[in-house]
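Presented below is the structure to which this report refers.
See the structure below:
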């Protein structure tokens with residue numbers, strides 16, 4: 001009995017010690033250790049006290065309802081692991097993207113927009129790099145010249161600055177001279193022509209004319225020197241080029257492995273420079289005819305020289321044959337383009353009798369179906385305003401080809417010219433509608449609307465006002481449908497005249 005009492009007392013002591021550690025509300029009961037029965041009562045009291053602490057349980061519920069504490073900040077190792085390539089690739093998989101969209105759709109869409117913008121900027125930067133550093137137009141030059149040209153084009157196209165662009169164009173030409181590049185090569189002439197194009201772009205038309213005129217005269221001077229040297233025997237008739245001094249390694253242009261620098265035959269060089277002179281002279285004619293310059297005499301002189309030189313060289317080759325390594329001459333379309341430019345000049349001066357033969361030649365040499373329609377419209381306009389003159393009269397001050405087309409089949413009275421104009425306008429309209437597929441361009445649609453307007457003008461000249469009004473209405477509808485503003489204005493002007 002004594003042993004059991006001692007054991008009970010020890011148990012009570014342990015319970016009291018635990019209860020003393022609890023809050024005062026749970027440990028305010030006094031214990032007595034007088035008998036085994038009292039010990040049992042105390043144990044029950046302690047157990048009841050422990051189970052009936054409703055206040056403590058409510059406090060526990062309140063504590064459980066509090067928001068969880070914020071997570072600790074990620075470590076550097078966790079950040080690096082999240083930014084690893086493997087994690088990025090996993091996120092870009094379809095399942096990873098679906099998971100990201102499901103977790104936070106707004107942030108996912110924003111991230112995709114940012115990535116698309118960065119991709120576009122990257123592609124644009126890469127394109128600029130290849131356009132201005134690795135393009136063939138730069139790598140064919142020695143590095144110093146290529147650097148100057150990149151800067152010149154940058155201040156021409158990207159960040160326009162007239163003073164800096166002029167500085168670097170001039171510097172590039174000076175470097176070409178210092179490095180002893182051939183001044184008649186396409187590379188050096190190309191810099192001069194690009195300079196003229198830039199001057200025209202900024203409105204300096206006289207400066208552009210000066211540069212192009214110097215290019216044309218230099219080309220003609222070399223051709224004349226070569227022909228004289230061949231005649232004198234100072235240059236080999238085969239056109240074998242002389243020995244050229246080899247440039248140092250740092251002065252050489254960057255050349256692709258597949259390219260081979262073959263010395264140019266002098267006859268081929270003559271062909272190239274003569275064609276360059278013809279093209280430059282044609283461009284000079286257009287500049288002289290521009291409303292900002294208005295020098296029609298110089299325009300006619302330049303255009304006439306271009307046409308006659310192109311035809312003269314064609315006749316020489318036909319008569320003497322093409323020499324070895326001489327290379328091809330201008331294509332029929334290029335010669336026809338020069339003739340059309342001269343015809344437009346005559347038309348602007350109301351010299352329609354000079355324009356008609358040149359338009360015929362240009363039409364015969366043109367291979368583009370849509371541009372043929374444009375030439376037909378020009379023929380209709382020229383015939384409608386053609387002056388009355390004898391059919392066999394030689395046309396003064398015209399290229400030699402014009403007289404070939406003056407024949408008895410040409411109309412001789414006003415009614416005949418108007419009838420020819422009506423036929424050419426109808427031909428233009430029908431041909432413009434016949435062009436289909438990839439060959440049909442915007443020029444076809446515009447030429448079709450112009451043909452309707454021309455048919456209305458010709459009908460008005462013939463006194464057929466109802467027919468003219470109908471054609472003008474058709475021209476207005478079609479011009480509005482294709483967004484051709486000048487066609488609408490021209491047709492409305494025709495309606496007002498009625």
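Numbering (this note's numbering), first residue to last: 1 to 498. Yeah, the Cβ is synthetic: ideal placement off N, Cα and C, and Gly gets one too. These figures come from a predicted structure and were not determined experimentally.
Next item on the list: Identify the continuous alpha helix (DSSP H) that holds residue 180 and give its terminal residues.
Entry: The residue labelled residue 180 in the question sits at position 180 within the chain shown. Taken as a continuous stretch (DSSP letters only), residue 180 belongs to no alpha helix (DSSP H), as it is neither H nor E.
Check: If we call anything under 8 Å between Cβ atoms a contact, is residue 457 one with residue 482?
Finding: If you number the chain shown from 1, residue 457 lands on position 457. If you number the chain shown from 1, residue 482 lands on position 482. No, the pair does not count as a contact, with Cβ atoms beyond the cut-off.
Checklist line | Alpha-carbon to alpha-carbon, residue 99 and residue 108 | finding: Working through the chain shown from its first residue, we reach residue 108 at position 108. Working through the chain shown from its first residue, we reach residue 99 at position 99. For residue 108 and residue 99, the distance between alpha carbons rounds to 10 Å.
Note to self: Quick test of the definition: if touching needs 3 or more C-beta pairs under 8 Å, does the stretch 372 to 382 touch the stretch 315 to 329?
What the structure shows: no
Notebook entry, point to check: Nearest to residue 420 by alpha carbon, out of 328, 454 and 380?
Noted result: Residue mapping note: residue 420 aligns to position 420 of the chain shown, counting from 1. Checking every option, the nearest Cα to that of residue 420 belongs to 380.
Note to self: Please identify the residue among 441, 378 and 410 whose C-alpha is closest to the C-alpha of residue 426.
What the structure shows: Counted from its first residue, the chain shown places residue 426 at position 426. Ranking the options by Cα distance to residue 426, first place goes to 378.
Item checked: Given residue 267 as reference, the closest of 195, 291, 299 and 230 once Cα atoms are compared -> In the chain shown, the residue the question calls residue 267 occupies position 267. For residue 267, the closest alpha carbon among the candidates 195, 291, 299 and 230 is that of 230.
Note to self: For residue 338, which residues in the same chain have their Cβ closer than 6 Å to its Cβ, ignoring the five residues on either side in sequence?
What the structure shows: In the chain shown, the residue the question calls residue 338 occupies position 338. The residues are 282, 306, 307 and 310.
Item checked: Supposed close pair residue 491, residue 453 - CB separation, criterion 8 Å -> The residue given as residue 491 occupies position 491 in the chain shown. The residue given as residue 453 occupies position 453 in the chain shown. Contact flag correct, Cβ pair sits at about 5 Å.
Next item on the list: Determine the burial state of residue 77: buried for a count of at least 16 other Cβ atoms within 10 Å of its Cβ, exposed for fewer.
Entry: Along the chain shown, one-based indexing puts residue 77 at 77. Answer is exposed; the Cβ neighbour count stays below 16.
Notebook entry, point to check: Starting from residue 500 and walking both ways along the alpha helix (DSSP H), at which residues does that stretch end?
Noted result: This structure cannot speak to residue 500, because the chain is shown only from 1 to 498.
Notebook entry, point to check: Which residue comes first and which comes last in the alpha helix (DSSP H) that contains residue 363?
Noted result: Residue mapping note: residue 363 aligns to position 363 of the chain shown, counting from 1. It spans 352 to 365 - the alpha helix (DSSP H) in which residue 363 sits, taken as one unbroken run.
Margin query: Whole angstroms are fine: how far does the CA of residue 365 sit from the CA of residue 332?
Written below: For the purposes of this step, residue 332 is taken as residue 332 along the chain shown, with counting starting at 1. For the purposes of this step, residue 365 is taken as residue 365 along the chain shown, with counting starting at 1. In a straight line, the C-alpha of residue 332 is about 5 Å away from that of residue 365.
Next item on the list: Check whether the stretch 109 to 127 touches the stretch 139 to 156, counting contact only when three or more Cβ pairs, one atom from each stretch, lie closer than 8 Å.
Entry: no
Next item on the list: Would you mind reading off the limits of the alpha helix (DSSP H) that contains residue 218?
Entry: Taking the first residue of the chain shown as position 1, residue 218 is located at position 218. Its alpha helix (DSSP H) spans residues 205 to 232.
Check: Under three-state DSSP, which class holds residue 485?
Finding: Along the chain shown, read from residue 1 onward, the residue named residue 485 stands at position 485. Three-state DSSP puts residue 485 in a helix.
Next item on the list: For the alpha helix (DSSP H) holding residue 440, just list the boundary residues, first then last.
Entry: Reading the chain shown from its first residue, position 440 is the one you call residue 440. Note, residue 440: premise wrong, no alpha helix (DSSP H); not H, not E.
Notebook entry, point to check: Looking at the unbroken alpha helix (DSSP H) that takes in residue 423, where does it start and where does it end?
Noted result: Numbered from 1 along the chain shown, position 423 holds the residue referred to as residue 423. Where residue 423 is concerned, the enclosing alpha helix (DSSP H) stretches over 414 to 434.
Next item on the list: With DSSP as the reference, label residue 290 as helix, strand or coil.
Entry: By one-based count along the chain shown, residue 290 stands at place 290. If DSSP states are grouped into helix, strand and coil, residue 290 belongs with coil.
Margin query: So, for residue 461: in the same chain, excluding its five sequence neighbours on each side, which residues have a beta-carbon less than 7 Å away from its beta-carbon?
Written below: For this step, residue 461 is matched to residue 461 along the chain shown. The answer, listed in chain order, is 384 and 418.
Item checked: Cutoff 7 Å; reference residue 480; Cβ partners in own chain excluding five residues on either side -> Taking the first residue of the chain shown as position 1, residue 480 is located at position 480. 488, listed in sequence order.
Next item on the list: Could you tell me how far apart the beta carbons of residue 278 and residue 287 are, in whole angstroms, since I believe they sit closer than 8 Å?
Entry: Start at 1 with the first residue of the chain shown, and residue 278 comes out as number 278. Start at 1 with the first residue of the chain shown, and residue 287 comes out as number 287. That belief does not hold up - the Cβ atoms of residue 278 and residue 287 are roughly 15 Å apart, past 8 Å.
Check: Taking just the CA atoms, how far does residue 104 sit from residue 142?
Finding: Within the chain shown, the letter at position 142 stands for residue 142. Within the chain shown, the letter at position 104 stands for residue 104. Rounded to the nearest angstrom, the two C-alpha atoms are 55 Å apart.
Notebook entry, point to check: Taking C-alpha atoms, which residue in 195, 210 and 275 lies nearest to residue 164?
Noted result: By 1-based counting over the chain shown, the position of residue 164 is 164. Nearest of 195, 210 and 275 to residue 164, Cα basis: 195.
Check: For the candidate residues 367, 413 and 476, whose alpha-carbon lies nearest to that of residue 439?
Finding: Counting from 1 along the chain shown, the entry for residue 439 is found at position 439. Per the Cα distances, 367.
Checklist line | Close-in-space but distant-in-sequence residues of the same chain around residue 346 (CB under 6 Å, 5 per side omitted) | finding: The count along the chain shown starts at 1 and reaches residue 346 at position 346. Excluding its 5 nearest sequence neighbours in each direction, residue 346 has C-beta neighbours in its own chain below 6 Å: 354 and 355, listed in chain order.
Notebook entry, point to check: How would you call residue 300, buried or exposed, if buried means at least 16 neighbouring beta carbons within 10 angstroms?
Noted result: For the purposes of this step, residue 300 is taken as the residue at position 300 of the chain shown. Of the residues assessed, residue 300 falls on the buried side of the cut-off, its CB having 16 or more other CB atoms within 10 angstroms.
Next item on the list: Please state whether DSSP places residue 498 in a helix, a strand or coil.
Entry: The residue you call residue 498 lines up with position 498 of the chain shown. The answer is coil: DSSP assigns residue 498 none of H, G, I, E or B.
Item checked: Residues near residue 52 by beta carbon distance below 7 Å, same chain, minus five either side -> Against the chain shown, residue 52 aligns to sequence position 52. In this prediction, residue 52 scores a pLDDT of 46, lower than 50, which makes its location untrustworthy; the coordinate-derived value is nonetheless stated afterwards. Nothing listed; no residue qualifies.
Checklist line | 8 Å Cβ cutoff met for residue 432 and residue 447 | finding: In the chain shown, residue 432 corresponds to position 432, counting from 1. In the chain shown, residue 447 corresponds to position 447, counting from 1. In this structure, residue 447 lies closer than 8 Å to residue 432 by Cβ.
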